[in-house]
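Residue numbers (numbering that gives the first Met the number 0), protein chains in the order written: chain A, 0 to 108; chain B, 0 to 839.
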Amino acid sequence: MKLLKSIVRPNKVDDVKDALAKLSIAGMTVTEVRGHGKQKGHTAIYRGKEYNVSLLPKMEIEVVVSDAIAEDAIKAIVQAARTGEIGDGRVFVLPVSESYRIRTGEVER
Amino acid sequence: MTPAQPDSIGSALKALFGAAREELRVATARGAGGRMALERYADRVDGLIRHVVVDAGPYEGEVAIIALGGYGRRHLCLHSDIDLLVLFGQAIGAPEERLVHRLLNPLWDLGVVVGHQVRALADFSQLETDNPEFLLALLDARPVAGARALFERFGAVFHEAGTHAFILRSLLTLIQERHAGFNDTLYQLEPDVKDAPGALRDLTAARTIAMLTEPLLLRRGPADAARFDDAEDFLLRVRSALHLEYGRNQNILSHELQERTAEILDYPGAETRLRVERLMSDYFRHARIVSRSLEFARRTAPVPVGPNMGLSRDGVRFIDPLQAARNPASWLGIFQAALDAGTEVSDEALSCIQQHVDRYRADDFFIDVEGRAALLRFLKPRPGLYARLSQMHDCGLLGRVFPEFQAISWRVVRDFYHKYTVDEHTLLTIRKLERLSGATEPYLARFGSLLADSQAPELLVLALLFHDVGKWRDDDHALESVRMAEQVLDRLQVSGEARDVVLFLIRHHLRMSLAAFRRDTEDPDIVRQFAGLVGTEERLKLLALMTLVDVDAVGPGTLTPWKGELLWRLYVDAYNHLTQRYGDERIERTEAGLTELQGHRPGDVSAAEVTAFLEGLPQRYLHVFPHDTIYRHIRLARDIKPDEVHLSLEQKGTTWALAAATLDKPFLFSNICGVLSSFGMNILRGHAFTNPNGLVLDAFEFTDEDRFFELNRDAQAQVLRVMQDVVSGRADVTELLKGREQGIFQAKNAQRFPPVVHADNKTSGRYTIFDIVAGNALGLLYRISRVISRHGCDVDLVLIATEGEKAIDVFHIAKAGSKLTEAEQIALTSDLQRTLEGTV
Numbered sequence: 000m001k002l003l004k005s006i007v008r009p010n011k012v013d014d015v016k017d018a019l020a021k022l023s024i025a026g027m028t029v030t031e032v033r034g035h036g037k038q039k040g041h042t043a044i045y046r047g048k049e050y051n052v053s054l055l056p057k058m059e060i061e062v063v064v065s066d067a068i069a070e071d072a073i074k075a076i077v078q079a080a081r082t083g084e085i086g087d088g089r090v091f092v093l094p095v096s097e098s099y100r101i102r103t104g105e106v107e108r
Numbered sequence: 000m001t002p003a004q005p006d007s008i009g010s011a012l013k014a015l016f017g018a019a020r021e022e023l024r025v026a027t028a029r030g031a032g033g034r035m036a037l038e039r040y041a042d043r044v045d046g047l048i049r050h051v052v053v054d055a056g057p058y059e060g061e062v063a064i065i066a067l068g069g070y071g072r073r074h075l076c077l078h079s080d081i082d083l084l085v086l087f088g089q090a091i092g093a094p095e096e097r098l099v100h101r102l103l104n105p106l107w108d109l110g111v112v113v114g115h116q117v118r119a120l121a122d123f124s125q126l127e128t129d130n131p132e133f134l135l136a137l138l139d140a141r142p143v144a145g146a147r148a149l150f151e152r153f154g155a156v157f158h159e160a161g162t163h164a165f166i167l168r169s170l171l172t173l174i175q176e177r178h179a180g181f182n183d184t185l186y187q188l189e190p191d192v193k194d195a196p197g198a199l200r201d202l203t204a205a206r207t208i209a210m211l212t213e214p215l216l217l218r219r220g221p222a223d224a225a226r227f228d229d230a231e232d233f234l235l236r237v238r239s240a241l242h243l244e245y246g247r248n249q250n251i252l253s254h255e256l257q258e259r260t261a262e263i264l265d266y267p268g269a270e271t272r273l274r275v276e277r278l279m280s281d282y283f284r285h286a287r288i289v290s291r292s293l294e295f296a297r298r299t300a301p302v303p304v305g306p307n308m309g310l311s312r313d314g315v316r317f318i319d320p321l322q323a324a325r326n327p328a329s330w331l332g333i334f335q336a337a338l339d340a341g342t343e344v345s346d347e348a349l350s351c352i353q354q355h356v357d358r359y360r361a362d363d364f365f366i367d368v369e370g371r372a373a374l375l376r377f378l379k380p381r382p383g384l385y386a387r388l389s390q391m392h393d394c395g396l397l398g399r400v401f402p403e404f405q406a407i408s409w410r411v412v413r414d415f416y417h418k419y420t421v422d423e424h425t426l427l428t429i430r431k432l433e434r435l436s437g438a439t440e441p442y443l444a445r446f447g448s449l450l451a452d453s454q455a456p457e458l459l460v461l462a463l464l465f466h467d468v469g470k471w472r473d474d475d476h477a478l479e480s481v482r483m484a485e486q487v488l489d490r491l492q493v494s495g496e497a498r499d500v501v502l503f504l505i506r507h508h509l510r511m512s513l514a515a516f517r518r519d520t521e522d523p524d525i526v527r528q529f530a531g532l533v534g535t536e537e538r539l540k541l542l543a544l545m546t547l548v549d550v551d552a553v554g555p556g557t558l559t560p561w562k563g564e565l566l567w568r569l570y571v572d573a574y575n576h577l578t579q580r581y582g583d584e585r586i587e588r589t590e591a592g593l594t595e596l597q598g599h600r601p602g603d604v605s606a607a608e609v610t611a612f613l614e615g616l617p618q619r620y621l622h623v624f625p626h627d628t629i630y631r632h633i634r635l636a637r638d639i640k641p642d643e644v645h646l647s648l649e650q651k652g653t654t655w656a657l658a659a660a661t662l663d664k665p666f667l668f669s670n671i672c673g674v675l676s677s678f679g680m681n682i683l684r685g686h687a688f689t690n691p692n693g694l695v696l697d698a699f700e701f702t703d704e705d706r707f708f709e710l711n712r713d714a715q716a717q718v719l720r721v722m723q724d725v726v727s728g729r730a731d732v733t734e735l736l737k738g739r740e741q742g743i744f745q746a747k748n749a750q751r752f753p754p755v756v757h758a759d760n761k762t763s764g765r766y767t768i769f770d771i772v773a774g775n776a777l778g779l780l781y782r783i784s785r786v787i788s789r790h791g792c793d794v795d796l797v798l799i800a801t802e803g804e805k806a807i808d809v810f811h812i813a814k815a816g817s818k819l820t821e822a823e824q825i826a827l828t829s830d831l832q833r834t835l836e837g838t839v
């Protein structure tokens with residue numbers, strides 16, 4: 000199993016959700032996050048005064064998928080979240096050794 | 000009528016007065032100098048005064064003779080002063096003074112001690128705050144002779160909530176001071192039956208407090224009406240006995256007089272000591288009743304806060320609920336009063352409204368312009384507004400005033416987000432808004448500053464109240480909300496820009512969250528489209544606030560700092576677009592706004608004129624000015640010659656609007672600013688536009704701080720004449736401003752806001768943009784624009800705004816048709832900064 004941890008633009012969440020749904024991946028966790036990558040934010044000016052927008056609002060989408068479909072899922076996320084501009088985000092892939100369903104105690108490896 | 004001869008008048012009056020006094024003397028001597036006897040004596044004195052008035056002979060004007068104080072209450076003792084008000088309907092001149100003498104001389108001849116006041120009705124338009132005793136005496140005013148209608152008019156002027164509140168405060172102070180003189184105890188061995196605690200003045204004071212606040216107050220007090228009346232009769236009988244024995248206006252029940260008074264009042268007992276003990280025992284019993292009643296009144300009386308409204312411990316309530324029930328137009332006032340006092344409307348008042356509200360229609364609550372204006376004032380967001388609106392909703396008033404709001408009462412819309420019924424969500428948006436001003440979290444505090452700077456935040460509250468009313472149906476609610484809000488605005492007669500703003504906010508209340516949360520706001524096209532939708536900074540500001548509180552009121556945790564950041568970024572980007580990029584967005588021949596203007600143009604404006612005037616002006620122009628104003632500008636620019644400047648000046652409520660059309664002239668903008676400043680005008684907002692044909696249109700909104708227009712008959716013509724002279728070079732604005740400019744930069748605002756000057760050469764393709772924020776001060780714009788002109792730059796477009804004490808100005812400038820070089824920018828920035836800091 001793999002945990003796909005994607006940091007995407009806020010307006011791309013729905014597109015990513017739709018793309019994952021097409022692969023029958025329904026469960027996901029979405030979190031509002033702030034941060035920056037290479038983009039490092041920028042300086043904005045409001046009424047003549049500069050202010051630094053260093054931590055940009057992003058969305059983090061976490062999904063756990065089987066190894067078999069991990070690659071397709073990653074492709075789907077990248078394709079759905081891409082605009083081609085700086086700030087499109089990242090997908091991190093982490094191995095998951097076990098997963099327990101809390102209600103039943105059932106384990107998946 | 001021939002006036003009677005003086006001698007015969009004198010003897011007739013003497014006989015009349017003598018008989019009245021003798022009657023009271025006899026009654027007093029047998030212990031019956033109480034209320035009835037005093038009232039009868041007062042009535043006979045009334046008769047005497049009427050005689051005097053008749054005998055005074057004819058008088059052309061309007062006059063009323065009015066009894067005041069104890070005489071007004073008909074508690075006139077044997078040696079009491081007779082307090083009179085001689086009231087004239089017109090100003091007091093020689094004929095009035097002669098009449099006063101003709102009235103008073105016969106009374107003085109009789110030996111009557113008259114305490115007289117002479118006033119014209121107009122004198123009562125201003126409260127005599129330095130004479131609270133006189134104001135108190137006026138509360139007992141009773142017409143004795145003369146024009147009854149004049150007395151009624153006096154009553155209407157005098158009995159006003161503010162006056163009552165002042166008198167009440169004064170009375171409470173007077174009581175405190177008087178009691179202090181008696182060491183705050185009623186148990187005096189030789190009490191003053193008029194002034195001591197528990198004596199006659201306290202009795203009157205308790206009644207006065209009730210009269211000023213709640214007529215039935217004393218019924219809820221520690222003594223029933225009969226015991227209170229008994230106490231009064233007893234004290235009056237004692238006082239009468241003292242006047243009889245002393246032979247003058249003396250009210251101290253001394254040890255000697257206690258014996259005599261006990262005899263007069265026929266106290267039983269074999270020994271004098273026993274009779275005196277019984278008298279004093281009765282005195283203290285009655286004084287205690289009076290004292291406790293007064294204490295109760297002082298503690299519980301509602302403080303008058305408006306007509307028929309008092310503030311008490313349980314909130315603001317109607318003093319006379321029956322009167323309130325008949326006057327639904329006064330109901331909003333009680334919620335406003337509670338808001339002002341930082342308290343709530345009492346349950347009793349809410350019950351009264353709830354009981355009667357169904358008798359009235361929506362139109363009955365705001366019957367005139369004043370009532371409708373009062374509603375808009377009420378809706379200004381501030382702490383407590385949500386709570387008052389909720390009370391209005393709970394008692395059924397909100398739904399009756401606005402049946403449109405009633406449609407969403409307890410309305411449940413099931414979705415994944417909303418946690419409350421639609422009506423409560425709506426009211427919560429207003430609570431979120433009112434709390435913004437005190438918000439400490441940085442992501443909310445910056446929106447709070449937008450609210451503080453907003454010109455008409457009540458329009459936002461109005462929009463919030465109706466933004467979701469369309470949810471009574473299950474389809475697209477925004478459009479239905481607009482339809483319903485139009486009905487409300489029709490009833491409230493909200494028109495023009497205010498109406499457009501409210502409907503705009505309702506129609507587009509979901510657009511900003513859509514753009515901020517679901518669109519790529521880093522895409523300039525998204526920002527441009529959104530800025531195009533809002534059109535002006537004020538609408539942007541209101542829509543940003545509306546979006547924020549609408550999201551926040553969905554449920555706990557819905558608005559996160561993350562979402563707040565997204566909204567703020569879109570706000571800033573759209574604001575910058577509106578204020579800085581508009582110079583590059585010009586009106587084209589195919590522009591929808593231009594077509595619309597062509598379609599509605601009045602008969603005297605040709606299609607060619609409209610096109611020639613508008614084509615090439617920034618698109619912003621269409622957003623900022625209503626159609627009527629645009630047609631006026633077109634007429635102003637008509638047939639303009641190179642050396643001419645066409646001006647128009649008009650008053651718009653409390654502000655003035657000046658439009659100037661001319662072909663481009665150096666220093667034009669700074670000259671106009673300078674002339675306005677030289678007349679003491681405070682420029683609030685302004686725009687300068689230039690079209691490709693060289694036509695310059697400057698439009699200013701300003702206030703006349705020194706009331707120059709009001710105080711000088713030909714002031715408008717004078718300002719326009721000076722403006723013409725300065726623009727055409729016949730007069731020097733610097734000369735005009737001498738003296739005015741002194742101290743400008745010592746002004747507190749200039750120091751409170753350190754000036755900010757920022758140059759931007761990237762945003763616009765045509766202009767270098769200077770953002771300037773500084774403390775607002777007279778002549779500020781003149782100084783800024785003169786520096787810009789001195790650097791050889793042309794001011795092509797200007798946005799001037801003031802927010803509170805801040806001036807926010809954006810100048811689009813070019814030099815010889817091009818943007819400034821970096822060196823030119825640095826030089827100009829530095830010069831502007833030094834000018835604003837007052838170091839040059």
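Ideal placement from N, C-alpha and C gives every residue a C-beta, glycine not left out.
Quantities reported herein were computed from a predicted structural model and do not represent experimental measurements.
Beta-carbon gap between residue i and residue j smaller than 9 angstroms
| i | j | result |
| --- | --- | --- |
| L657(B) | S669(B) | no |
| D467(B) | H507(B) | no |
| L635(B) | I586(B) | no |
| S290(B) | P196(B) | yes |
| I429(B) | P382(B) | no |
| A160(B) | M308(B) | yes |
| Q116(B) | D139(B) | no |
| V62(A) | S5(A) | yes |
| L19(A) | V92(A) | no |
| E132(B) | L173(B) | yes |
| L565(B) | A515(B) | yes |
Residue from the options whose Cα sits closest to the Cα of residue i
| i | options | result |
| --- | --- | --- |
| K95(A) | S5(A), G34(A), G47(A) and D66(A) | As written in the sequence, residue 95(A) is Val, which differs from the Lys given in the question. Ranking S5(A), G34(A), G47(A) and D66(A) by Cα distance to V95(A) puts D66(A) first. |
| G47(A) | H757(B), E804(B) and Y442(B) | H757(B) |
| D80(B) | T546(B), D319(B), G114(B) and R20(B) | G114(B) |
| T58(B) | R238(B), S389(B), Q89(B) and T420(B) | The sequence given here places Tyr at residue 58(B); Thr does not occur at that position. When each option's Cα is compared against that of Y58(B), the closest is Q89(B). |
| E276(B) | E294(B), L252(B), T299(B) and S292(B) | L252(B) |
| I633(B) | Q832(B), L532(B) and A607(B) | A607(B) |
Interface residues of chain A facing residue i [CB-CB closer than 9 angstroms]
| i | result |
| --- | --- |
| H811(B) | Those do not exist, as H811(B) stays about 14 angstroms from chain A at its closest Cβ, beyond 9 angstroms. |
| I807(B) | R46 and G47 |
Within chain B, the residues that residue i reaches when beta carbons sit closer than 8 angstroms
| i | result |
| --- | --- |
| E31(A) | T559, W561 and K562 |
| D13(A) | R517 |
For residue i, the three-state DSSP class (helix, strand or coil)
| i | result |
| --- | --- |
| V12(A) | helix |
| Q175(B) | helix |
| P327(B) | helix |
| V412(B) | coil |
| P320(B) | helix |
| R442(B) | It should be pointed out that residue 442(B) corresponds to Tyr in this sequence rather than to Arg. Helix. |
| H74(B) | coil |
| F752(B) | coil |
Residue i at chain C interface by Cβ criterion, 9 angstroms
| i | result |
| --- | --- |
| E107(A) | This model lacks chain C altogether, as its protein chains are A and B. |
Chain-ordered chain B contacts of residue i [CB-CB under 9 angstroms]
| i | result |
| --- | --- |
| A43(A) | R568, V571, D572 and N575 |
Closer than 7 angstroms at the beta carbon, the chain B residues around residue i
| i | result |
| --- | --- |
| P56(A) | W561, E564 and L565 |
Discussion item. So if I threshold CB-CB distances at 8 angstroms, which residues from the region 67 to 85 of chain A count as touching chain B?
Written reply: T82 and E84
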